[in-house]
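Take a look at the structure below.
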Amino acid sequence: MCSVAFSHIIFNKETHDIRMSKKPDYEIFDSLGKYMLKEKGITNSSSEKINNFCNAILRLPDSSTDAENLCKQFVHFFKLLYEEYNDPTISDNRNKYPEFLNYWLNSQFRAKNIKISPESKFYKYFINNYDKYVEENILKDKLYHIEDKYFNKMHMLYEFYKKYNEINEAANGGCTKFLDHCKTNYSEAWKKCFSEKDNPFCSALDGFRKFYDENKHSNLSRCNEEGLSSLPELLSPHSYRDTELEANKISNYLIWPTNNDSSIRTSKIKNTQFSKLYELLLLRYSFLFADNKEDKKYNMLKILQEFFQYCNENRGIPSLILFYKEFLKEYYTKNKDEYDEIYRDCSTSPEHTKSYCKVYEDVSTKYSNHLSTIKNIHDEELNEGTEKLQWLISENSSSVIISQLDKGNNILSNITPILVGTMAGGLSILFLLYKFTPFGSWFYSKILKDAETIYNVNGESDQYLFDYNLEFEMDNTENGKIHFSYHPS
Numbered sequence: 232m233c234s235v236a237f238s239h240i241i242f243n244k245e246t247h248d249i250r251m252s253k254k255p256d257y258e259i260f261d262s263l264g265k266y267m268l269k270e271k272g273i274t275n276s277s278s279e280k281i282n283n284f285c286n287a288i289l290r291l292p293d294s295s296t297d298a299e300n301l302c303k304q305f306v307h308f309f310k311l312l313y314e315e316y317n318d319p320t321i322s323d324n325r326n327k328y329p330e331f332l333n334y335w336l337n338s339q340f341r342a343k344n345i346k347i348s349p350e351s352k353f354y355k356y357f358i359n360n361y362d363k364y365v366e367e368n369i370l371k372d373k374l375y376h377i378e379d380k381y382f383n384k385m386h387m388l389y390e391f392y393k394k395y396n397e398i399n400e401a402a403n404g405g406c407t408k409f410l411d412h413c414k415t416n417y418s419e420a421w422k423k424c425f426s427e428k429d430n431p432f433c434s435a436l437d438g439f440r441k442f443y444d445e446n447k448h449s450n451l452s453r454c455n456e457e458g459l460s461s462l463p464e465l466l467s468p469h470s471y472r473d474t475e476l477e478a479n480k481i482s483n484y485l486i487w488p489t490n491n492d493s494s495i496r497t498s499k500i501k502n503t504q505f506s507k508l509y510e511l512l513l514l515r516y517s518f519l520f521a522d523n524k525e526d527k528k529y530n531m532l533k534i535l536q537e538f539f540q541y542c543n544e545n546r547g548i549p550s551l552i553l554f555y556k557e558f559l560k561e562y563y564t565k566n567k568d569e570y571d572e573i574y575r576d577c578s579t580s581p582e583h584t585k586s587y588c589k590v591y592e593d594v595s596t597k598y599s600n601h602l603s604t605i606k607n608i609h610d611e612e613l614n615e616g617t618e619k620l621q622w623l624i625s626e627n628s629s630s631v632i633i634s635q636l637d638k639g640n641n642i643l644s645n646i647t648p649i650l651v652g653t654m655a656g657g658l659s660i661l662f663l664l665y666k667f668t669p670f671g672s673w674f675y676s677k678i679l680k681d682a683e684t685i686y687n688v689n690g691e692s693d694q695y696l697f698d699y700n701l702e703f704e705m706d707n708t709e710n711g712k713i714h715f716s717y718h719p720s
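Just so we're aligned, residue 232 is where the sequence shown starts under the working numbering, counting upward by one.
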């Protein structure tokens with residue numbers, strides 16, 4: 232009977248629409264904690280009907296016992312979730328367990344290294360015959376191969392929810408693991424959102440942030456046991472929609488190699504040279520992960536330092552003013568209160584023991600004009616062609632001159648030993664020639680002797696004036712002669 236059923240399956244494999252590839256629903260993990268509990272109850276034991284269905288997979292080309300066992304696990308997992316959530320009164324989000332099952336199936340294929348593609352007979356068999364273990368069309372159009380570019384983003388979301396749900400597992404250090412995972416992956420996930428311009432993924436990522444904010448306080452006691460006083464703050468970008476306004480921002484032209492505009496002639500901002508500034512622009516002028524306040528202040532000052540450096544290197548380019556204004560408007564003014572706090576802290580501190588204050592000292596020394604200008608800039612000035620900003624980015628800016636001198640110091644420091652050595656060697660050679668060769672006699676007779684003669688003549692004349700009484704007579708038309716006399720004492 233099994234072989235008959237299998238033959239029927241093979242020859243009628245187009246009964247249901249095979250979805251080769253489509254963009255998945257990312258927002259399917261809100262109930263992951265409950266799914267994970269159900270997953271622990273999965274076994275390979277099944278009814279005879281399911282066994283016959285899954286055993287038939289072994290007859291397919293390139294199949295294996297791993298694929299057969301996965302089939303049984305999937306069917307059992309489906310039945311567990313079906314019994315839990317097959318209720319029309321349950322919210323739509325919880326009814327997304329079929330979408331989650333499809334993600335789970337795709338993840339198992341990858342984890343068990345079962346090579347499955349949309350074109351494989353295994354996948355077609357599995358998709359077209361789900362009705363052998365479920366009477367309703369719950370899985371219709373829900374099972375399909377997820378392309379890697381989509382699966383990788385789904386897996387990012389899965390890991391965030393999974394690590395959060397594992398916080399309560401104190402024995403495994405759940406809080407610490409969640410914190411470390413967010414440090415490494417949260418900003419990276421948003422970078423993928425922007426670089427691939429995937430709005431549904433961005434929305435799902437923001438959905439996790441909201442889920443986390445609503446639930447994080449319930450886990451604080453568990454984190455205190457691990458020595459953590461609080462959980463990190465997860466932020467979302469000011470905007471993650473691909474609007475025309477976002478697309479036209481100057482920063483997009485500065486960080487994306489493929490974005491070019493002939494009117495914007497400033498150089499590209501590269502991650503290798505301006506890492507903090509580059510990341511800020513990539514995340515659309517947003518800070519997304521704030522774990523340690525001191526680290527955040529350090530990063531804020533590094534951003535400012537790299538921004539000023541970039542402006543100095545692109546001085547004199549007219550389009551630079553557009554980026555300067557955009558940076559101030561989109562980022563600096565929105566964080567001005569925090570910057571002012573940093574300035575006060577570092578200005579009043581007697582010793583710059585904090586790492587961020589050392590950066591502040593460097594910024595205030597090298598870029599004093601830039602710093603003093605933005606400290607006092609007003610919002611209304613950003614909408615005008617301000618003379619302050621125009622001067623800062625011009626070729627004649629004093630900060631630029633100072634910057635160039637700083638660069639010149641490096642050159643001077645390299646050639647100074649050469650100059651000193653050359654001068655010392657030249658003087659030594661002249662001394663030897665003067666002392667031990669005819670050149671010395673000639674030099675004495677022509678240069679030093681003449682100078683000595685002039686000196687003696689002047690000396691004799693002066694002495695003559697002091698040794699004798701001198702009288703000068705001048706004709707005066709009114710009084711006749713006037714006598715001037717000198718009598719040395």
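Heads up, the beta-carbon is just placed ideally off N, CA and C, and yes, glycines get one too.
- The stretch 381-394 and the stretch 416-431 touch, with no fewer than 3 CB-CB distances between them shorter than 8 Å.
- The DSSP-derived three-state label of Leu311 is helix.
- The residue from Ser517, Glu525, Lys253, Asn446 with its alpha-carbon nearest to that of Tyr562 is Ser517.
- Here DSSP, grouped into helix, strand and coil, assigns Glu270 to helix.
- CA-CA distance, Phe554 to Ile481, rounds to 6 Å.
- Sorting Ser467, Leu370, Asn545 by C-alpha distance to the C-alpha of Asn317 places Leu370 at the top.
- If the five residues before and after Asn450 are omitted, its C-beta is found closer than 6 Å to the C-beta atoms of Ile398, all from its own chain and listed in chain order.
- Linking Lys501 to His601 through their CA atoms gives a straight-line distance of about 22 Å.
- Its Cα nearest to that of His307, the residue Glu270 stands out among Tyr375, Lys352, Leu512, Glu270.
- Around Phe558, the same chain offers Phe538 as residues with beta carbons nearer than 7 Å, after the five sequence neighbours per side are excluded.
- Taking 7 Å as the cut-off, the beta carbon of Ile605 is found no closer than this to the beta carbon of Ser550.
- Glu400 carries a coil assignment under DSSP once its states are collapsed to helix, strand and coil.
- For Arg290, there is no enclosing alpha helix (DSSP H), since its DSSP letter is neither H nor E.
- Residue burial is scored here from C-beta neighbours: Gly272 has fewer than 16 other C-beta atoms within 10 angstroms and is therefore classed as exposed.
- Under the three-state reduction of DSSP output, Glu299 falls in the helix class.
- If you look at Val365, you'll find it isn't in any alpha helix (DSSP H); DSSP assigns it neither H nor E.
- Between the alpha carbons of Lys589 and Thr274 lies a distance of about 59 Å.
- Exposure of Thr503 is indicated by the presence of fewer than 16 other C-beta atoms within 10 angstroms of its C-beta.
- Contact holds between the stretch 456-464 and the stretch 518-528, because three or more Cβ pairs, one in each stretch, are under 8 Å apart.
- Looking at the DSSP output, Leu465 shares a beta bridge with Phe520.
- According to the DSSP assignment, Gln339 belongs to the alpha helix (DSSP H) that extends over 328-342.
- Taking the Cβ atoms as the reference, Phe391 lies roughly 29 Å from Cys302, outside the contact range of under 8 Å.
- Proximity to Arg515 across Asn479, Cys542, Lys528, Gln540 peaks at Asn479, based on C-alpha coordinates.
- In this structure, Ile377 sits away from Pro468, with a CB-CB distance that is not shorter than 7 Å.
- Of all alpha-carbon atoms in Val365, Leu512, Lys556, the one lying nearest the alpha-carbon of Ser278 is that of Val365.
- Within the model, the alpha-carbon separation for Asp411 versus Glu367 is close to 43 Å.
- 7 Å or more divides the Cβ of Ile534 from the Cβ of Thr497.
- One alpha carbon belongs to Glu569, the other to Gly404, and they sit about 33 Å apart.
- The straight-line gap separating the alpha-carbon atoms of Leu263 and Phe284 is approximately 28 Å.
- In the displayed model, Ile281 falls within a helix according to three-state DSSP.
- In this structure, the alpha-carbon of Ile281 lies about 10 Å from that of Ala287.
- The beta carbon of Tyr574 sits closer than 8 Å to the beta carbons of Tyr591, Lys606 from its chain, once the five residues preceding and following it are set aside; these are given in chain order.
- Looking at the backbone, the Cα of Gln540 and that of Lys527 are separated by about 20 Å.
- Just so you know, the alpha carbons of Leu388 and Phe439 end up roughly 8 Å apart.
- A distance below 6 Å between beta-carbons, with the five flanking residues on each side excluded, links Phe442 to no residue of its chain.
- If you compare the alpha carbons of Lys499, Tyr529, Lys414 with that of Glu544, the shortest gap goes to Lys499.
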